[in-house]
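Participant:
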Amino acid sequence: MTESLLYFTQQVINGLTVGSTYALIAIGYTMVYGIIGMINFAHGEVYMIGTYLSFIVIAGLTMLGLENLPFILLTALIVSMMVAGAYGFTIERVAYRPVRGSKRLIALISAIGMSIFLQNYMRLAQGPRDIAMPGQIQGGWSWTLDGNLLNLSYMQVIIFVVTVISMWSLHLFISRSRMGRACRACAQDQGMTNLLGIDTNQIIAVTFVIGAALAAVAGFLLGLYYGVVNPMIGFIAGLKAFTAAVLGGIGSLPGAMLGGLILGVTESMTAAYFSTEYKDVVAFSLLVLILLFKPTGILGKPEVEKI
Amino acid sequence: MQPSFMPAAIAAGVTFILGASVMGIRLQPAGISLEVTSAPTHVYLGLIAASLFVFILQYFRLTERFSRLLKSSQESKVELPAFLRTQQQQRLWTMLAIGALLLFPVIGSRGWIDLATLTLIYVMLGLGLNIVVGLAGLLDLGYVGFYAVGAYAYALLNTYFGFGFWEALPIAGALAALFGFLLGFPVLRLRGDYLAIVTLGFGEIIRILLNNWTEITGGPNGISQIPKPTLFGLEFNRRAAEDALGTFHEFFGIKYSPEYKVIFLYLLALILVLITVYVIRRLIRMPIGRAWEALREDEIACRSLGLNPTMIKLSAFTLGASFAGFAGAFFAARQGFINPESFTFIESAIILAIVVLGGMGSQLGVILAAVAMTILPELAREFNEYRMLLFGLIMVLMMIWRPQGLLPMKRPHMELKRG
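First to last, the sequence lines map onto chains A and B.
Per this note's numbering, the very first residue in the first sequence carries number 3; after that it's consecutive.
Per this note's numbering, the very first residue in the second sequence carries number 20; after that it's consecutive.
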């Protein structure tokens, strides 16, 4: 009994670790959807770019001879957030703003085009192969119970802590700051917000930047956790984060967090008790099932189609 | 419009930072650790040139001027050239084109015929997806899943039950249509962008299943030795298999040449494409075709006119899938070997790019786009590496500047003159 319970707990821990990074990416989808009602297909690519950027900074600073690990990691996190934010800004400016207001299909195709473009841009810039990074943070705690091991690595703790800090600051930003209030207003009624003298273009740009920066945080964390990156990782990660966003209710921030955690745990359970190969299949099937039976997700509000 | 310095300078600066942060520094595995190296100088020169380009674009607001120019040119109607105005002329030119395509193997070299066959497969896929995306306005990102179903249907039926190409072809089409139906039935009630994601997930699921169901599909190794199609039972090999009628060259008493096989495959693909074009052309003019387009334009208006949106969408989805199934079966027969690698998301993206570039709903546009998209990369081999990059870029630019495609479809219509 203890053995299976311990194994189960271990899977929950692993699932929550990955799930919290899905939640970080899902926020980007859900915020953009909440404000302009489109799916930002290129969001997964921003996550991929974030991973590459943090690898570049870590490798670069290590080569310069710096040995202060917390400093290196913090710099990597901040640089990748900033540059990824600039990517998010540019993507919105180049691919989405000109087609805003036209039909949904058009914005969607433009987004997919952007996603394909970024994937191949990275493939040309850094090569198509896997790039591995030696583990920066090793070790962890482990407990033995009746000869069974339960592990909690430092990396997992860092992932939890960083995720919680990011989510909390986002929550404070949205609920307390002036800009956050403008964001919420924009999500409710864009035309009215504009009439009240708020530059909605700017708000939309800010949303993209925040989403991209959070995706870069996820890229940094998962990059350190898995230790590999290649130009294709954004595709699957984006799909999963989107699943998380829909699961929790697209447009809702707490929903994105909840959805990410549920998806992470479900996945790790599938991998543990069923089969690793079908891990991705389970995520997509989950997506289809939610869309069929509860398209509004767990915490989402039903959408009324207006004529 | 005043030229503006600061925004232009900022745009140029951002361009440089974005490019330099990813392209200027390369990650280089060194033993167990990771190192970074600076990119060669020409990359930096390129980045500076790109930043300057962005600066000039922004400073003189060229993009705005350009899009305004395009908008005004779109309002002046794009007319067909003079020799294509009347229906008789169109029919004549179509006949001439088909004749030229039939005669192509006589003058073309083997490599060109092979390439033409590949192009025809893409034409077929493009036309099939055009029903779903172009006409019905449903974004299907998992189209390659149906293509895979068709290909594996033939390969598996052949391996396990010994079916020939001709018996398997309708089954492959029907099976793909069935998959389309089963997938479409629940998901078509969803809004457009959810549909896109679900179909994307479906394409991935099919690929993962094919990859992991090793006992039946051979997993990543795929299925090999899929026989080529026969001409009324005549094979195109040097020697006939035991249960075959005989070989083509023996039957007609000519010398064996491997070229016959290539030419036969080309002609077969051409016939399949012509059938596809004809069927879809008829469908567009039928009430169902008009319903597809009406639905694309305004779903609520459609519903209030008594059309059942789910059934109409489902018909488009199923029909589109069946064409992918036929194309898949032919693909398997042509390659003789298939594995899940041929059915990645990239393929879906290429087919989508063909439909988008050609003009949504327009058959001629899709055919020309398919030809351009497959032949151009072959003409310039070094360009091949940049192919997908350009496809992505084309999709974005087309949506911004010419969302209706290069050759948009035109219905016979009358316009009310204003004023």
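We treat Cβ as the ideally placed atom computed from N, Cα and C, and that holds for glycine.
Model, not experiment: these values are computed from the prediction.
For ARG112(A), which residues in chain B fall below 8 Å Cβ to Cβ?
Facilitator: Arg is not the amino acid found at residue 112(A); the sequence shown has Ser there. Ordered by position in chain B, the residues that pass the 8 Å Cβ test against SER112(A) are MET414, VAL415, MET418, ILE419.
Participant: Alpha carbon to alpha carbon, how far is ALA119(B) from THR113(B)? Give it in angstroms, no decimals.
Facilitator: 10 Å
Participant: Buried or exposed, going by whether 16 or more other CB atoms sit within 10 Å of the CB of HIS444(B)?
Facilitator: As displayed, chain B neither begins before 20 nor continues past 438, which places residue 444(B) out of reach and without an answer.
Participant: Work out the CA separation of TRP145(A) and ALA97(A) for me, nearest whole Å.
Facilitator: 51 Å
Participant: Does DSSP classify ALA32(B) as helix, strand or coil?
Facilitator: In the sequence under discussion, the amino acid at residue 32(B) is Gly, which differs from the Ala named in the question. Helix.
Participant: Are the stretch 255 to 265 of chain A and the stretch 64 to 71 of chain A touching by the rule of at least three beta carbon pairs closer than 8 Å?
Facilitator: no
Participant: Under 8 Å, Cβ to Cβ, is there at least one residue of chain B near PRO130(A)?
Facilitator: no
Participant: Across which residues does DSSP place SER144(A) in a beta bridge pair?
Facilitator: ASN153(A)
Participant: Let me make sure I understand the geometry here. Which of MET42(B), ILE29(B), LEU160(B), ARG45(B) has the alpha-carbon closest to that of THR363(B)?
Facilitator: LEU160(B)
Participant: Hey, which unbroken runs of the beta strand (DSSP E) at 3 residues or more fall wholly within the stretch 307 to 344 of chain B?
Facilitator: none
Participant: At least one CB of chain A closer than 8 Å to the CB of VAL375(B): is that the case?
Facilitator: With a threshold of 8 Å between beta carbons, VAL375(B) makes contact with chain A.
Participant: Verify the CB distance criterion: does ASN327(B) have a CB-CB separation below 8 Å to chain A?
Facilitator: ASN327(B) does not count as touching chain A.
Participant: In three-state terms, what does DSSP make of SER361(B)?
Facilitator: helix
Participant: Going along chain B, which residues have a C-beta under 9 Å from ARG178(A)?
Facilitator: Correct list: empty, because the minimum Cβ distance to chain B is about 29 Å.
Participant: Among all the DSSP beta bridges, which residues are the ones paired with PRO48(B)?
Facilitator: LEU53(B)
Participant: Just mark VAL168(B) as buried or exposed, buried being the case when its beta carbon has 16 or more other beta carbons within 10 Å.
Facilitator: buried
Participant: Got a sec? Which residues, its chain only, sit under 8 Å from MET418(B) by beta carbon, not counting five neighbours each side?
Facilitator: VAL375
Participant: Output, in chain order, the set of chain A residues within a Cβ distance shorter than 7 Å of ALA215(B).
Facilitator: Per Cβ cutoff of 7 Å: LEU110.
Participant: Could you name the residues of the same chain whose beta carbon sits closer than 8 Å to that of GLN77(B), not counting the 5 residues immediately before and after it, in chain order?
Facilitator: SER23, PRO26, ALA27, ALA30, ALA31
Participant: In terms of residue numbering, what span does the alpha helix (DSSP H) encompassing TRP232(B) cover?
Facilitator: Here TRP232(B) belongs to no alpha helix (DSSP H), and DSSP marks it neither H nor E.
Participant: Who are the Cβ neighbours of SER95(B) in its own chain at under 8 Å, not counting the five residues just before and after it?
Facilitator: Legend: pLDDT at SER95(B) = 46, less than 50; position of this residue unreliable, no value from coordinates given.
Participant: Give the DSSP-derived three-state secondary structure of GLU5(A) in the structure shown.
Facilitator: helix
Participant: Using the Cβ count rule (16 or more neighbours within 10 Å means buried), how would you classify LEU71(A)?
Facilitator: exposed
Participant: Strictly under 8 Å for the Cβ-Cβ distance: is SER95(B) near chain A by that measure?
Facilitator: Because the pLDDT of SER95(B) is 46, which lies under 50, any placement of that residue in the model is unreliable, and the number read from its coordinates should be weighed accordingly. Residue contact check for SER95(B) against chain A: no CB pair falls below 8 Å.
Participant: Which of helix, strand or coil does DSSP assign to LEU71(B)?
Facilitator: helix
Participant: Is DSSP giving THR266(B) helix, strand or coil here?
Facilitator: strand
Participant: Look at the Cβ atom of ILE414(B), then the Cβ atom of GLY378(B), and state whether they are nearer than 8 Å.
Facilitator: Here residue 414(B) turns out to be Met, not Ile, going by the sequence shown. No, the pair does not count as a contact, with Cβ atoms beyond the cut-off.
Participant: In whole angstroms, what is the alpha-carbon distance linking ILE264(A) and ALA217(A)?
Facilitator: 18 Å
Participant: Whose Cβ in chain B lies nearer than 9 Å to the Cβ of GLU279(A)?
Facilitator: Result: ILE227, ASN230, ASN231.
Participant: In whole angstroms, what separates the C-alpha of GLY86(A) from that of PHE162(A)?
Facilitator: The question names Gly, but residue 86(A) in the sequence shown is Ala. Approximately 21 Å, taken between the alpha carbons.
Participant: Are the stretch 215 to 233 of chain A and the stretch 277 to 293 of chain A touching by the rule of at least three beta carbon pairs closer than 8 Å?
Facilitator: Contact between the stretch 215 to 233 of chain A and the stretch 277 to 293 of chain A is absent, because fewer than three Cβ pairs lie under 8 Å.
Participant: Between the alpha carbons of LEU219(B) and LYS242(A), how many angstroms are there, rounded?
Facilitator: 12 Å
Participant: Could you tell me the distance, in whole angstroms, from the CA atom of LYS274(B) to the CA atom of PHE342(B)?
Facilitator: 36 Å
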